[in-house]
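Taking my numbering, I'd label the letters of the sequence shown as residues 44 to 266.
Ideal placement from N, C-alpha and C gives every residue a C-beta, glycine not left out.
Here the structure is laid out as C-alpha cells; the discussion comes afterwards.
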Amino acid sequence: MSGPDWTAVIPVKRLSAAKSRLRGAVLDARHEDLALAMVRDTVAAVMSCAPVAEVLVVTDDPAAAAAVAALGARAVPDRPGAGLNAALRFGADLVAGLPRRRAVLTGDLPALRPGELGEALAAAGPGRSFVADAAGTGTVLLTADAGVPLEPRFGVGSAASHAASHARALAGSWPGLRQDVDTAADLRTVLALGAGEHTCALLRDLGLIADCGACGVPAGPHR
C-alpha cells in the first residue's frame with residue numbers, strides 16, 4: 044500500500060494527572076504546560092509524517108483537545124474512561140475502525156522526527172508490530188494492519204507483553220521515536236537529541252535552556 048493510509052492514535056491524560064514522575068523538572072505551576080508542550084510536539088511530528096492520513100487524540104482534557112485541534116488533529120473524548128489500553132482500543136478499533144491501518148503512539152515524544160515514524164510504519168505489518176522505548180522495556184509505538192485488532196498491552200513491561208502477544212518488534216534505531224519522557228533525565232536526553240519547538244520554547248521561557256542544543260534541565264526537584 045502507498046500514500047497516506049495510516050491513522051495515528053495518541054492518548055492524552057488530563058494534564059493535571061499527566062507525567063507525575065516528571066514533576067520537579069520545572070516549576071509546579073508550569074508542569075501542565077510542559078506536558079502539553081510535549082503533546083503538541085508529538086502531534087506536530089506525526090501530522091508531518093507522509094504515510095499518516097489522520098491523527099486522532101483520545102483525551103478528556105479540554106486544553107489538550109483544543110491544542111491538538113489547532114494543529115489539525117481530531118480530538119475525541121475517552122468514552123470508556125477505563126485506562127490507557129481501553130482508550131487505545133476505543134480510538135483505534137472503534138473510532139478509526141478496523142478497516143484502517145492504525146498506529147498508536149505515546150504523547151511524550153518531543154524529539155520525534157516525521158522520517159523516523161515513516162520508516163517504522165514502512166517496516167510494520169502484516170499483523171501487529173511495535174517499537175520498544177529506549178530502555179527496551181516499554182512501548183512507544185504499536186501498529187495494527189487493516190482488519191487486525193490492536194490488542195494494546197501498555198503498562199509496566201509492555202515490550203515483553205507485546206512480544207508475547209505475537210506482535211513483531213521493529214529493530215530500527217529511531218532515537219527520537221524511542222525516547223519518551225517520564226523523568227527529568229529523559230527530558231535532558233530529548234533536549235540533546237533536539238526537542239520540538241513547543242517544548243524548547245517553554246524551557247527557554249523558564250530560563251532552563253538557551254536553545255535546544257543546551258541542556259539546563261535540573262536533575263532534582265525545582266519547586
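Cα-Cα separation, residue i to residue j
| i | j | result |
| --- | --- | --- |
| A244 | P157 | 20 Å |
| V86 | L114 | 8 Å |
| A262 | R122 | Summary for A262: the model assigns pLDDT 38, below 50, so the residue's position carries little reliability, and this model does not support an answer. |
| L236 | L230 | 10 Å |
| R221 | A178 | 8 Å |
| A96 | V199 | 30 Å |
| A203 | L251 | 36 Å |
Check whether residue i and residue j have beta carbons under 9 Å apart
| i | j | result |
| --- | --- | --- |
| L234 | T242 | yes |
| A167 | W217 | no |
| P105 | L141 | no |
| V111 | R145 | no |
Exposed unless 16 or more other CB atoms sit within 10 angstroms - verdict on residue i
| i | result |
| --- | --- |
| E240 | exposed |
| T180 | exposed |
| A72 | exposed |
| P169 | exposed |
| P195 | buried |
Terminal residues of the beta strand (DSSP E) in which residue i lies
| i | result |
| --- | --- |
| R122 | Element bounds for R122: n/a, residue is neither H nor E. |
Residues sharing a beta bridge with residue i, DSSP
| i | result |
| --- | --- |
| L99 | V52 and R117 |
| T186 | A146 and S172 |
| A212 | F173 |
Start and end residues, alpha helix (DSSP H) containing residue i
| i | result |
| --- | --- |
| L164 | P157 to A166 |
| A202 | S201 to A207 |
| C92 | No alpha helix (DSSP H) holds C92; DSSP gives it neither H nor E. |
| L219 | The sequence shown places Gly at residue 219, rather than the Leu named in the question. Where G219 is concerned, the enclosing alpha helix (DSSP H) stretches over P218 to R221. |
Contact with chain B by residue i, beta-carbon distance below 9 Å
| i | result |
| --- | --- |
| A203 | Absent from the structure: chain B. Only one protein chain is present. |
Closer than 8 Å: residue i CB and nearest the ligand HEM heavy atom
| i | result |
| --- | --- |
| G181 | In terms of ligand content, the structure shown is empty, and the ligand HEM therefore cannot be addressed. |
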